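Note that the UniProt record's numbering has the sequence shown beginning at 1, numbered continuously upward. All C-beta atoms, glycine included, are put in the ideal place defined by N, C-alpha and C. Predicted, not measured: the structure shown is a model, and the values here were computed from it. Take a look at the structure set out below.
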Amino acid sequence: MKIEEGYMPFREYQTYYRIVGEPSDKAPLLLIHGGPGSSHNYFELMDDYANTGRQLIMYDQVGCGKSSLPEDESVYVKETWAEELIALRKYLHLDEVHMLGQSWGGMLEMYYLTSFDPKGIKSVMIDGSPASIKLWTQEQHRLISYLSYEDREAIAEAERTGDFTGPKYLAANDRYMERYCWDDPDGNSPEPLRRPTNGKRASLIAEGPNEFTENGTISDFEVTDQLKNIHVPVLVTNGTDDLCTPLIAKSVYDQIPGAKWHLFANSRHLALLDQHDEFISVLDHWLAEND
């Protein structure tokens, strides 16, 4: 399988991209990773899907992965990453494209679609993404309520003091992420998931210290009322045990005209990992429907 890697000049930085497969009569699938501050790494679990004849395009948003890691904190805002997405489409001549955004990647899709009215988008999959950080934070605290008393207290104490370095808090946050995001108990998860993302700084600046203390540059993210202006086919997905709860997913689905929704019955925040085969099957059906 052909894999092409390269760098796009972006402002004074470099954006890493990775293209899997050959061009064909099928529109390529552009994959937009989460975070902010994650990387394309986990999308490598999809490489085999390029054998269907559809090219996959993934990239590291500036601030993580193999892309530039700017010192300037003002870079780490949604406007930068939307500008980068627009530039990448132009640079790689992605005139017609399907898009799949996971977590923050889906948020970026929503912002891109509602603020820029882009052309040539054949379909969009929004996977585990909120339209409102306020609702996201509210739901994270509800999820925390299902943890043990000790873990709830450790998290509450960290939030009260603003100290997110204590061992009790760190252990509690690990258990929260294992329950609702993903885990690697034996160090045997697929290699791309064990690879560093280089995005901790971007995550801290843009999001905050964790998933439930949103005090970074995207903490005011709110596009719920603008979703009605999206007029491309949209599939909303999430898992039953996801950081992106069914309520969050429904708040996106309800607002987008003609949207569809798939709930992965045994998944946390990364259905691509937890229910890989079903994820690929749902995606393949969706893309074929909208080619």
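*How about W104 and P196: are their beta carbons less than 8 Å apart?*
Counting from one through the sequence shown, the residue named residue 104 turns up at place 104. Counting from one through the sequence shown, the residue named residue 196 turns up at place 196. Against a cut-off of 8 Å, the Cβ pair of P196 and W104 comes out as no contact.
*From the DSSP output, in three-state form, read off K250 for me.*
Counting from one through the sequence shown, the residue named residue 250 turns up at place 250. Reduced to three states, the DSSP call for K250 is helix.
*What's the C-alpha gap between M8 and H231?*
Stepping through the sequence shown from its first residue, residue 8 is reached at position 8. Stepping through the sequence shown from its first residue, residue 231 is reached at position 231. Near 29 Å, if we compare the C-alpha coordinates of H231 and M8.
_So the candidates are L94, E71 and L30; which of them puts its Cα closest to the Cα of Y13?_
Along the sequence shown, read from residue 1 onward, the residue named residue 13 stands at position 13. Per the Cα distances, E71.
_Starting from H285, trace the alpha helix (DSSP H) in both directions and tell me its first and last residue._
Stepping through the sequence shown from its first residue, residue 285 is reached at position 285. Here the alpha helix (DSSP H) through H285 covers H276 to E289.
*Can you tell which of L92, H276 and S251 has the C-alpha that lies nearest to the C-alpha of D225?*
On the sequence shown, residue 225 is found 225 positions in, with the first residue counted as 1. When each option's Cα is compared against that of D225, the closest is S251.
*Secondary structure, beta strand (DSSP E): runs of 3+ residues fully inside the region 210-256*: 234-239
*Whole angstroms is fine: what's the gap from K168's alpha carbon to F221's?*
Looking up residue 168 in the sequence shown gives position 168. Looking up residue 221 in the sequence shown gives position 221. Each residue's alpha carbon lies about 30 Å from the other.
*Are the CB atoms of M99 and E109 nearer to each other than 8 Å?*
On the sequence shown, position 99 is the one that residue 99 refers to. On the sequence shown, position 109 is the one that residue 109 refers to. Cβ atoms of M99 and E109: closer than 8 Å.
*From the DSSP output, in three-state form, read off Y49 for me.*
Here residue 49 is taken as the residue at index 49 of the sequence shown, counted from 1. DSSP places Y49 in helix when its eight states are reduced to three.
*Give me the Cβ distance between L272 and C181, rounded to the nearest whole Å; I'm assuming they're in contact under 8 Å.*
Start at 1 with the first residue of the sequence shown, and residue 272 comes out as number 272. Start at 1 with the first residue of the sequence shown, and residue 181 comes out as number 181. Going by Cβ atoms, the distance from L272 to C181 rounds to 12 Å, so no, they are not a contact pair.
_Residue environment, D151, which counts as buried when at least 16 other CB atoms sit within 10 Å_ = Residue numbering aside, residue 151 sits at position 151 when the sequence shown is read from its first letter. Burial call: buried.
*Would you identify the three-state DSSP class for D186, choosing helix, strand or coil?*
As a working note, residue 186 is residue 186 in the sequence shown. D186: coil per DSSP, three-state reduction.
_Does the contact criterion of 3 or more C-beta pairs under 8 Å hold for the region 185-205 versus the region 154-173?_
With the cut-off at 8 Å, the region 185-205 and the region 154-173 do not touch.
*asked:* Suppose contacts are defined by Cβ-Cβ distances below 8 Å. Is L69 in contact with N188 by that definition?
replied: Translated into positions along the sequence shown, residue 69 becomes position 69. Translated into positions along the sequence shown, residue 188 becomes position 188. Not a contact, by the Cβ cut-off of 8 Å.
*asked:* On the DSSP letters alone, give me the boundaries of the beta strand (DSSP E) that E4 sits inside.
replied: For the purposes of this step, residue 4 is taken as the residue at position 4 of the sequence shown. Where E4 is concerned, the enclosing beta strand (DSSP E) stretches over I3 to F10.
*How about the region 235-247 and the region 125-143: do they share at least three Cβ pairs that are nearer than 8 Å?*
yes
*Please report the residue range of the alpha helix (DSSP H) in which D174 lies.*
Here the question's residue 174 lines up with position 174 in the sequence shown. Residues P167 to Y180.
*asked:* Just verifying my parser: in three-state terms, what is the DSSP assignment at G101?
replied: Against the sequence shown, residue 101 aligns to sequence position 101. If DSSP states are grouped into helix, strand and coil, G101 belongs with the strands.
_Tell me whether the region 211-220 and the region 57-69 touch, counting them as touching only if at least three CB pairs, one residue from each stretch, are closer than 8 Å._
In short, these stretches do not touch, since the Cβ pair count stays below three.
*Taking DSSP as the reference, what is the three-state secondary structure of K122?*
Here residue 122 refers to the residue found at position 122 of the sequence shown. Three-state DSSP puts K122 in a strand.
*Is the beta carbon of L85 sitting closer than 8 Å to the one on Y112?*
Taking the sequence shown and counting its residues from 1, the one referred to as residue 85 is at position 85. Taking the sequence shown and counting its residues from 1, the one referred to as residue 112 is at position 112. Cβ distance < 8 Å, so L85 and Y112 count as in contact.
*If you follow the alpha helix (DSSP H) that T80 is part of, which residue opens it and which one closes it?*
As a position in the sequence shown, residue 80 is number 80, starting the count at 1. Looking at the DSSP string, the run of the alpha helix (DSSP H) that includes T80 is K78 to Y91.
*Simplified DSSP assignment, three categories, for W161*: On the sequence shown, residue 161 is found 161 positions in, with the first residue counted as 1. The identity of residue 161 in the sequence shown is Thr, whereas the question assumes Trp. It is helical.
*Going by DSSP, which residues form a beta bridge with Q14?*
Residue mapping note: residue 14 aligns to position 14 of the sequence shown, counting from 1. Answer is P9, bridged to Q14.
*N266 burial status per 10 Å Cβ neighbour count (16 or more: buried)*: For the purposes of this step, residue 266 is identified with residue 266 of the sequence shown, where counting begins at 1. It counts as exposed.
*Please state whether DSSP places H141 in a helix, a strand or coil.*
To locate residue 141, count along the sequence shown from 1; it is residue 141. Note: H141 maps to helix in three-state DSSP.
*Cross-strand partners of V62 (DSSP beta bridge)*: The sequence position of residue 62 within the sequence shown is 62, counting from 1. Answer is none; V62 lacks a bridge partner.
*Looking only at DSSP bridge pairs, what is H262 linked to?*
Here residue 262 is taken as the residue at index 262 of the sequence shown, counted from 1. DSSP, once it has assigned bridges, lists T237 as partnering H262.
*Beta-carbon proximity check, Q55 vs E22, cutoff 8 Å*: Along the sequence shown, read from residue 1 onward, the residue named residue 55 stands at position 55. Along the sequence shown, read from residue 1 onward, the residue named residue 22 stands at position 22. Contact: yes.
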